[in-house]
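Anchor point for the sequence shown: position 76 equals 212 in the numbering used here, and the numbering is continuous, going up by one each time.
Just so it is clear, CB atoms sit at the ideal spot from N, CA and C, and this is done for glycine as well.
The structure appears below as structure tokens.
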Amino acid sequence: MISATRSKARGTTTGGERSGLGLRATLAAAMALAAMALCLALPAQAHAIDNPFDVKGGTEGSDWTYTDDVLTITGRGNYTISMKDAASPTTATIVVHPSNGMTGTTLTLAGVHITCDPSAKGTKGAPIIMKGGAGIYLWIAEGSTNTLEASGGNA
137 MISATRSKAR GTTTGGERSG LGLRATLAAA MALAAMALCL ALPAQAHAID
187 NPFDVKGGTE GSDWTYTDDV LTITGRGNYT ISMKDAASPT TATIVVHPSN
237 GMTGTTLTLA GVHITCDPSA KGTKGAPIIM KGGAGIYLWI AEGSTNTLEA
287 SGGNA
């Protein structure tokens with residue numbers, strides 16, 4: 137049986153040897169917790185990479201989210217939306233869905249290129265959708281070119 141009791145005064149074990157066992161165990165536990173926290177954070181970061189839009193305005197997670205190829209804006213305010221990769225159009229949809237009767241949201245498109253799948257119906261067939269009585273102001277950023285192609289009878 138091995139017993140290690142750390143002396144506060146000298147930092148030695150009862151056998152007179154220096155013990156790092158307690159410190160090593162604490163550091164190992166701290167490193168394991170940090171690694172787990174990092175692993176838990178990675179999916180959120182990896183998911184954010186899938187978002188083809190660069191959104192300026194509001195707060196991600198509370199005013200807007202991007203999930204399953206849909207950028208959903210629920211917060212009131214001014215949003216400028218552009219493409220992260222200007223050379224790559226997306227099939228994603230922008231949905232303005234008010235929370236608590238929100239009106240007066242301003243969207244400025246600054247080089248947005250959305251090409252909906254020709255066979256898509258419903259929300260996947262329209263580049264921009266307003267739900268729940270949303271009222272928006274839609275602006276085109278000066279000097280920008282934007283392409284919005286609808287399908288499935290959506291305009």
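Rank the options by C-alpha distance to the C-alpha of residue i and give the top, closest one.
i, options, result
"residue 244", "217, 226, 230", "217"
"residue 247", "198, 276, 240, 265", "276"
"residue 204", "227, 251, 270", "227"
"residue 242", "221, 266, 229", "266"
"residue 207", "278, 191, 220, 274", "191"
"residue 202", "283, 274, 230, 239", "230"
Give the DSSP bridge partners of residue i, in chain order.
i, result
"residue 218", "190"
"residue 249", "283"
"residue 196", "200"
"residue 226", "250"
"residue 239", "The partner list for residue 239 (beta bridge, DSSP) is empty, contrary to what the question assumes."
"residue 208", "201, 231"
Would you kindly check if the distance between the Cβ of residue j and the Cβ of residue i is under 8 Å?
i, j, result
"residue 232", "residue 270", "yes"
"residue 234", "residue 210", "yes"
"residue 286", "residue 252", "yes"
"residue 250", "residue 225", "yes"
"residue 197", "residue 213", "no"
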